[in-house]
Amino acid sequence: MKCPRCHKEVKRGDKYCVHCGMKLIQVETTRQHAQNKQRLSVRLFNFLPTFLLILACLVMPIVYLRSYPNSSLNPFAPGTTTANEIGDIKENASMETVAVYKTTDAFKINVANASKFLDPVEAYVASLNSDYNMQFDTQYKIWVLRNNDIVIRVTCSTMLNDNEKLTITRRFNRTKTADTIKEELTKKNCTSFEDLCLNDQSELLTYMMGTYRYEALHKAFLEKESDFEKEKQTIGHYGYGAYVNNLPVQYGFNTLENKSYSGKVSQVIYRDGDTYYVKATHNYDGAYNLAR
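So that you can map any letter, position 69 of the sequence shown is 88 in the working numbering, and since no number is skipped, the others follow by simple counting.
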């Protein structure tokens, strides 16, 4: 150890320098404080990653719940009823979404009386499989609103072959007087107008749309052939095709169809690189099925 004044060797523990007389205890104390401070800094630095990890585990769930208050994973999402049951419609409550479920299982876990609302939806899906004699892949999305309203969107789809797909989407709404239904047949990889006519699926389209709606649409679509040949290289985002809305009674509705029908049918061509695809769509309202 050296004296800080004369820089000559002194013994550790001496109170004074034997050469110049400088008091050494204060110097030693200062040195110890500096060493202790350095050790503390090292410890804090080594603990920092652990501290940040703990902080992230605490903060991230709070941030998520604040960012997605309506998530079905949020246990603090505003409930619509007591004891996880959805009761009667609240006339003066807001229509804010308080929960969203992407599977029927999640809805059943969180809502005690879920079957009351799911039974007519699942019955509808079963009827599609039977009526079309096809097995549909089904996806659900369920919204619960603060006023106890429920909206259930069910999407059923099946591939008819490598290029053709049938999709049926129905939106059930507890407070509406009708459900909205969209039936759509899509065919891709078409290279000619004949491919786009969907003649090979005329029987299915007749079943989807009804005889008179399909015949009116098919006729209107065939009239687009010459224009298609002229415009096919410049078809834009909205496509090109035929639309038939609100067919009047003189088109010959049979007694099994609703004469007040106000649906729409369309057959629209879209460009996809060097080929085209076509969508034949039937949009209409169906009688409501969801429990009140």
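C-beta atoms are modelled at their ideal positions from N, C-alpha and C, and glycine is treated no differently.
Take the Cβ of residue 256 as the centre, count every other Cβ of all protein chains shown within 10 Å, and call the residue buried at 16 or more, exposed below.
Looking up residue 256 in the sequence shown gives position 237. Exposed.
Between which two residues does the beta strand (DSSP E) holding residue 263 run?
As a position in the sequence shown, residue 263 is number 244, starting the count at 1. That run of the beta strand (DSSP E) goes 259-264.
For the region 284-299 and the region 189-196, state whether three or more C-beta atom pairs, one from each stretch, are separated by less than 8 Å.
no
Look at the alpha carbon of residue 229 and the alpha carbon of residue 103, and state the distance between them as a whole number of angstroms.
Counting from one through the sequence shown, the residue named residue 229 turns up at place 210. Counting from one through the sequence shown, the residue named residue 103 turns up at place 84. Whole-angstrom Cα-Cα distance: 42 Å.
Just checking, does the region 156-171 make contact with the region 66-81 on the three C-beta pairs under 8 Å criterion?
no
Mapping the DSSP letters down to three states, classify residue 219 as helix, strand or coil.
Start at 1 with the first residue of the sequence shown, and residue 219 comes out as number 200. DSSP places residue 219 in helix when its eight states are reduced to three.
Just to confirm, is the Cβ distance from residue 105 to residue 166 under 7 Å?
Taking the first residue of the sequence shown as 1, we reach residue 105 at position 86. Taking the first residue of the sequence shown as 1, we reach residue 166 at position 147. It is not a contact, given that the beta carbons lie outside the stated cut-off.
Skipping 5 residues on each side, what residues in its chain have a beta carbon closer than 6 Å to that of residue 227?
Reading the sequence shown from its first residue, position 208 is the one you call residue 227. Excluding sequence neighbours, residue 227 sits near 202 and 301.
Measuring alpha carbon to alpha carbon, tell me which of 252, 235, 216 and 284 ends up nearest residue 244.
As a first step, residue 244 is located in the sequence shown; it is residue number 225 there, counting from the start. Nearest of 252, 235, 216 and 284 to residue 244, Cα basis: 216.
Where are the alpha helix (DSSP H) runs, 4 residues long or more, that stay fully inside the region 105-191, in chain order?
123-129 and 133-150
DSSP state of residue 246, grouped into three classes?
Locating residue 246 in the sequence shown gives position 227, where the first residue counts as 1. Helix, per DSSP.
Closer than 7 Å by C-beta to residue 295: which residues in its own chain qualify, once you throw out the five before and the five after it? Chain order, please.
The residue labelled residue 295 in the question sits at position 276 within the sequence shown. Cβ neighbours of residue 295 beyond the five flanking positions: 209, 215, 288 and 289.
Which of the three DSSP states, helix, strand or coil, is assigned to residue 301?
Position 282 of the sequence shown, counting from 1, holds the residue named residue 301. Correct three-state label for residue 301: strand.
Beta-carbon within less than 7 Å of residue 107's beta-carbon, same chain only, minus the 5 sequence neighbours each way: which residues are those?
Mapped onto the sequence shown, residue 107 falls at position 88. Cβ within range, chain order: 167.
Starting from residue 202, follow the beta strand (DSSP E) in both directions and report where the run begins and ends.
Locating residue 202 in the sequence shown gives position 183, counting from the first residue. Segment 197-209, the beta strand (DSSP E) holding residue 202.
Thinking just about the alpha-carbon of each residue, which of 133, 282, 239 and 248 is nearest to the one in residue 261?
What you label residue 261 is simply residue 242 of the sequence shown in a count that begins at 1. Of 133, 282, 239 and 248, the residue nearest in Cα terms is 239.
Alpha carbon to alpha carbon, how far is residue 114 from residue 131? Give it in angstroms, no decimals.
Your numbering for residue 131 matches position 112 in the sequence shown. Your numbering for residue 114 matches position 95 in the sequence shown. Rounded to whole angstroms, residue 131 to residue 114 spans 21 Å at the Cα level.
So, is residue 123 buried or exposed, given that buried needs 16 or more other C-beta atoms within 10 angstroms?
Taking the sequence shown and counting its residues from 1, one reaches residue 123 at position 104. Classification for residue 123: buried.
For residue 282, is the classification buried or exposed, using 16 other Cβ atoms within 10 angstroms of its Cβ as the cut-off for buried?
The residue you call residue 282 lines up with position 263 of the sequence shown. Buried, because 16 or more other Cβ atoms sit within 10 Å of the Cβ of residue 282.
Could you name the residues of the same chain whose beta carbon sits closer than 6 Å to that of residue 284, not counting the 5 residues immediately before and after it, in chain order?
The residue labelled residue 284 in the question sits at position 265 within the sequence shown. Cβ within range, chain order: 228, 232, 236, 263 and 301.
On the criterion of 16 or more Cβ atoms from any shown chain inside 10 Å, does residue 128 qualify as buried, or is it exposed?
Translated into the one-based positions of the sequence shown, residue 128 becomes position 109. Residue 128 comes out exposed.
Do residue 118 and residue 163 have their beta-carbon atoms positioned less than 7 Å apart in this structure?
In the sequence shown, residue 163 corresponds to position 144, counting from 1. In the sequence shown, residue 118 corresponds to position 99, counting from 1. Closer than 7 Å, so yes.
For residue 246, count neighbouring C-beta atoms within 10 Å of its own C-beta (all shown protein chains included) and say buried if the count is 16 or more, exposed if not.
Working through the sequence shown from its first residue, we reach residue 246 at position 227. Residue 246 should be labelled exposed.
Keeping to the same chain, check which residues put their C-beta closer than 6 Å to that of residue 303; ignore five residues upstream and five downstream.
As a position in the sequence shown, residue 303 is number 284, starting the count at 1. Contacts found: 200 and 282.
Mind checking residue 291: buried by the 16 CB within 10 Å criterion, or exposed?
In the sequence shown, the residue the question calls residue 291 occupies position 272. With fewer than 16 Cβ atoms within 10 Å of its Cβ, residue 291 is classed as exposed.
Does the beta-carbon of residue 198 have 16 or more other beta-carbons within 10 angstroms, so that it is buried, or is it exposed?
Translated into positions along the sequence shown, residue 198 becomes position 179. Buried: at least 16 other Cβ atoms inside 10 Å.
What's the call for residue 170, buried or exposed, on a 16-neighbour Cβ count within 10 Å?
Position 151 of the sequence shown, counted from the start, is the residue given in the question as residue 170. By the 10 Å Cβ count, residue 170 comes out buried.
DSSP three-state label for residue 194, please.
The sequence position of residue 194 within the sequence shown is 175, counting from 1. Three-state DSSP puts residue 194 in coil, outside helix and strand.
Around the Cβ of residue 133, are there at least 16 other Cβ atoms within 10 angstroms (buried) or fewer (exposed)?
Against the sequence shown, residue 133 aligns to sequence position 114. Buried: at least 16 other Cβ atoms inside 10 Å.
The alpha helix (DSSP H) with residue 232 in it runs from where to where?
Counted from its first residue, the sequence shown places residue 232 at position 213. First-last of the alpha helix (DSSP H) with residue 232: 230-241.
Between 22, 39 and 151, which has its C-alpha nearest residue 32's C-alpha?
On the sequence shown, position 13 is the one that residue 32 refers to. Of 22, 39 and 151, the residue nearest in Cα terms is 22.
What is the DSSP secondary structure of residue 312, reduced to helix, strand or coil?
Since the first and last residues shown for the chain are 20 and 311, residue 312 lies out of range.
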